[in-house]
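Quick note, the sequences are listed as chains H and E, same order. The first sequence maps to residues 1 to 276 in my numbering. The second sequence maps to residues 277 to 552 in my numbering. Some notes on the structure that comes next.
There are 2 protein chains.
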Amino acid sequence: MNKFWFQETHTEGYEVKWKIRDVLHSEKSKYQDLAIIDTIEWGKALVLDGALQVSEKDEFIYHEMIVHVAMHSHPNPENVLIIGGGDGGTLREVVKHNCLKSVDMVEIDDRVIEVSKQYLPSISSAYNDPRLRLYVEDGIKFVENSKEQYDIVIVDSSDPVGPAIQLFSQAFYRDVFAALDDDGLLTVQSESPLFYQDTFKSVYNNINAVFPAAYVYTAAIPTYVSGLWSFSMGSKDCDPRQIVSDREIINGLKYYNEAIHEAAFSLPPFIKEMLK
Amino acid sequence: MNKFWFQETHTEGYEVKWKIRDVLHSEKSKYQDLAIIDTIEWGKALVLDGALQVSEKDEFIYHEMIVHVAMHSHPNPENVLIIGGGDGGTLREVVKHNCLKSVDMVEIDDRVIEVSKQYLPSISSAYNDPRLRLYVEDGIKFVENSKEQYDIVIVDSSDPVGPAIQLFSQAFYRDVFAALDDDGLLTVQSESPLFYQDTFKSVYNNINAVFPAAYVYTAAIPTYVSGLWSFSMGSKDCDPRQIVSDREIINGLKYYNEAIHEAAFSLPPFIKEMLK
Numbered sequence: 001m002n003k004f005w006f007q008e009t010h011t012e013g014y015e016v017k018w019k020i021r022d023v024l025h026s027e028k029s030k031y032q033d034l035a036i037i038d039t040i041e042w043g044k045a046l047v048l049d050g051a052l053q054v055s056e057k058d059e060f061i062y063h064e065m066i067v068h069v070a071m072h073s074h075p076n077p078e079n080v081l082i083i084g085g086g087d088g089g090t091l092r093e094v095v096k097h098n099c100l101k102s103v104d105m106v107e108i109d110d111r112v113i114e115v116s117k118q119y120l121p122s123i124s125s126a127y128n129d130p131r132l133r134l135y136v137e138d139g140i141k142f143v144e145n146s147k148e149q150y151d152i153v154i155v156d157s158s159d160p161v162g163p164a165i166q167l168f169s170q171a172f173y174r175d176v177f178a179a180l181d182d183d184g185l186l187t188v189q190s191e192s193p194l195f196y197q198d199t200f201k202s203v204y205n206n207i208n209a210v211f212p213a214a215y216v217y218t219a220a221i222p223t224y225v226s227g228l229w230s231f232s233m234g235s236k237d238c239d240p241r242q243i244v245s246d247r248e249i250i251n252g253l254k255y256y257n258e259a260i261h262e263a264a265f266s267l268p269p270f271i272k273e274m275l276k
Numbered sequence: 277m278n279k280f281w282f283q284e285t286h287t288e289g290y291e292v293k294w295k296i297r298d299v300l301h302s303e304k305s306k307y308q309d310l311a312i313i314d315t316i317e318w319g320k321a322l323v324l325d326g327a328l329q330v331s332e333k334d335e336f337i338y339h340e341m342i343v344h345v346a347m348h349s350h351p352n353p354e355n356v357l358i359i360g361g362g363d364g365g366t367l368r369e370v371v372k373h374n375c376l377k378s379v380d381m382v383e384i385d386d387r388v389i390e391v392s393k394q395y396l397p398s399i400s401s402a403y404n405d406p407r408l409r410l411y412v413e414d415g416i417k418f419v420e421n422s423k424e425q426y427d428i429v430i431v432d433s434s435d436p437v438g439p440a441i442q443l444f445s446q447a448f449y450r451d452v453f454a455a456l457d458d459d460g461l462l463t464v465q466s467e468s469p470l471f472y473q474d475t476f477k478s479v480y481n482n483i484n485a486v487f488p489a490a491y492v493y494t495a496a497i498p499t500y501v502s503g504l505w506s507f508s509m510g511s512k513d514c515d516p517r518q519i520v521s522d523r524e525i526i527n528g529l530k531y532y533n534e535a536i537h538e539a540a541f542s543l544p545p546f547i548k549e550m551l552k
């Protein structure tokens, strides 16, 4: 009888255990411990430094929500930049938009890309898209030195520990601001408002200090701690709570639709309180 | 160093562990194993048959959402029936409404009531409300024999195992229908659409078979498996997605507000698919 488990420690007092069939891959890359596990409940999953990043069964929620809100509310999203997201799920959703002309993706750890291509083909399925320019380098430096003007920048980072910590800073958001067009939008994953209140609040405040307007929306993501996950946006001009009226909504999605887009920005009082 | 943990097995392949300071109470009642634990992360919590029912830190989400949606969408909710809910949290939210004239509450296990009064005073705070009539008996039989006509019936049950299983049946919903006024509303907790798809679908289908209209809404509840929780409603006449226009919204809530009321009914495509 199978008795292997993956255990993730979320806080000092909260741990979750996923029963696994096998560890399919495990290595120490230049930046982090990296593993692919085959779970009983959630399909195959990518684990970085002991934290589950994506699982096959519920990754659609995270990836659809980090991409389609900005893509449907920007007037004309032709040029997109993805920071992080080496598993390829965010890229897969971005390229679904026919209006897209180019997508730059900057992932610091090429091993995440390679391992995802090998073990998570349903997630890493868009790496051959001809509109993609893939950069294996530090996203912070890339944005700092960028001469491009993007319509949308998406920060699909891991938790703010290790290599990702600078991606949550005001200095980084200032560089993103400079790399965005006049109607540009920034979307970042901003952690659990329940478990990581300090990070959640600081991301919002940092974006708010740099952009004329900041917004927060949420989604229910089972494999992330507490299930309640937040995304934060900075906007130069457009209101991301509104879908652009002539925009065709992408078909065949499993979590995102027009009603969810608008509903996701409705925040409970206890979250609003944190943003004051 | 403290090394005690409460471990909850959600499925064969998924377990969660809460670090605890102490087990404050533990007994075998006539109906179930009953315990109060003091957790590091979530405050004190009630555990029935090994399943966490309510924790002090996030119970507001469940209780506000199971109560205020129906209370704000019914034209005149004066008489309410609560089935289950022995911890008192649902009662506490119901009595916040000044329009309420009477609330009947039927809990099968008086030990849940007594232990909640003793250890969870912030949750069980409304047992002295003069509008309450408390019945310690089987909710199924109570509804079957009821001669009352209620405006709202709320089924605040534990999972559909053991004593609660009949509370998820079509026969029970038929008795509830008979005990409701012409514009009556039923609200039930209907489990996780991700982890308990079969129960979720069957509750909706059973309510839909009995009532002219059935509705589903969701909330993010961290201590319940997957974080994504569902509530299902049966309505004889009014549309619970709409707040009654002249209704005063209860002040001082932490999860529920007007925007959340409407947003909660927006369902992702993968949940809509289950309800076809």
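Where is the CB? At the ideal position from N, CA and C, for every residue including glycine.
Delimiting residues of the alpha helix (DSSP H) encompassing residue i
i              : result
residue 91(H)  : 89-94
residue 386(E) : 386-395
residue 204(H) : 197-210
residue 337(E) : 335-349
residue 214(H) : Unbroken run through residue 214(H) is the beta strand (DSSP E), 213-220; no alpha helix (DSSP H).
residue 263(H) : 258-264
Residue i vs residue j beta-carbon contact at 9 Å
i              : j              : result
residue 135(H) : residue 105(H) : yes
residue 12(H)  : residue 320(E) : no
residue 552(E) : residue 337(E) : no
residue 207(H) : residue 225(H) : no
residue 179(H) : residue 81(H)  : yes
residue 83(H)  : residue 169(H) : no
residue 526(E) : residue 339(E) : no
residue 111(H) : residue 34(H)  : yes
residue 107(H) : residue 85(H)  : yes
residue 227(H) : residue 544(E) : no
residue 460(E) : residue 429(E) : yes
residue 238(H) : residue 130(H) : no
residue 58(H)  : residue 470(E) : yes
residue 17(H)  : residue 293(E) : yes
residue 32(H)  : residue 162(H) : yes
residue 248(H) : residue 98(H)  : yes
Nearest-angstrom Cα separation, counted from residue j out to residue i
i              : j              : result
residue 537(E) : residue 349(E) : 9 Å
residue 256(H) : residue 442(E) : 35 Å
residue 234(H) : residue 416(E) : 52 Å
residue 395(E) : residue 303(E) : 14 Å
residue 14(H)  : residue 5(H)   : 16 Å
residue 122(H) : residue 56(H)  : 8 Å
residue 436(E) : residue 390(E) : 23 Å
residue 21(H)  : residue 547(E) : 28 Å
residue 413(E) : residue 379(E) : 16 Å
residue 101(H) : residue 117(H) : 23 Å
residue 467(E) : residue 148(H) : 48 Å
residue 211(H) : residue 94(H)  : 23 Å
residue 232(H) : residue 204(H) : 6 Å
residue 372(E) : residue 306(E) : 32 Å
residue 124(H) : residue 78(H)  : 21 Å
residue 172(H) : residue 164(H) : 11 Å
residue 517(E) : residue 229(H) : 24 Å
residue 274(H) : residue 9(H)   : 25 Å
residue 519(E) : residue 346(E) : 9 Å
residue 453(E) : residue 342(E) : 18 Å
Continuous beta strand (DSSP E) stretch holding residue i: start and end
i              : result
residue 139(H) : No beta strand (DSSP E) holds residue 139(H); the alpha helix (DSSP H) holding it covers 139-145.
residue 272(H) : Run containing residue 272(H): none in the beta strand (DSSP E); it sits in the alpha helix (DSSP H), 269-274.
residue 97(H)  : Careful: residue 97(H) lies outside any beta strand (DSSP E) and carries neither H nor E.
residue 448(E) : It is not in any beta strand (DSSP E) - residue 448(E) instead sits in the alpha helix (DSSP H) that spans 446-454.
residue 20(H)  : 14-28
residue 426(E) : 426-432
Within chain H, the residues that residue i reaches when beta carbons sit closer than 7 Å
i              : result
residue 416(E) : By Cβ distance, chain H contributes nothing, its closest Cβ being about 31 Å from residue 416(E), past 7 Å.
residue 530(E) : 268, 269 and 270
residue 401(E) : By Cβ distance, chain H contributes nothing, its closest Cβ being about 19 Å from residue 401(E), past 7 Å.
residue 535(E) : 266
residue 539(E) : 263 and 266
Residues that residue i contacts on chain H, provided the C-beta gap is smaller than 9 Å
i              : result
residue 236(E) : Only positions 277 to 552 of chain E appear in the structure, and residue 236(E) is not among them; the question remains open.
Proximal residues of chain E, C-beta to C-beta of residue i below 7 Å
i             : result
residue 13(H) : 294, 295, 315, 316 and 317
Within the chosen definition, does the stretch 407-423 of chain E reach the stretch 462-474 of chain E through at least 3 CB pairs nearer than 8 Å? no
Taking contact to mean 3 or more Cβ pairs, one atom from each stretch, closer than 8 Å, check whether the stretch 309-320 of chain E and the stretch 32-51 of chain H are in contact. no
Contact between the stretch 538-547 of chain E and the stretch 484-504 of chain E is defined here as three or more beta-carbon pairs at a separation below 8 Å; is this criterion met? yes
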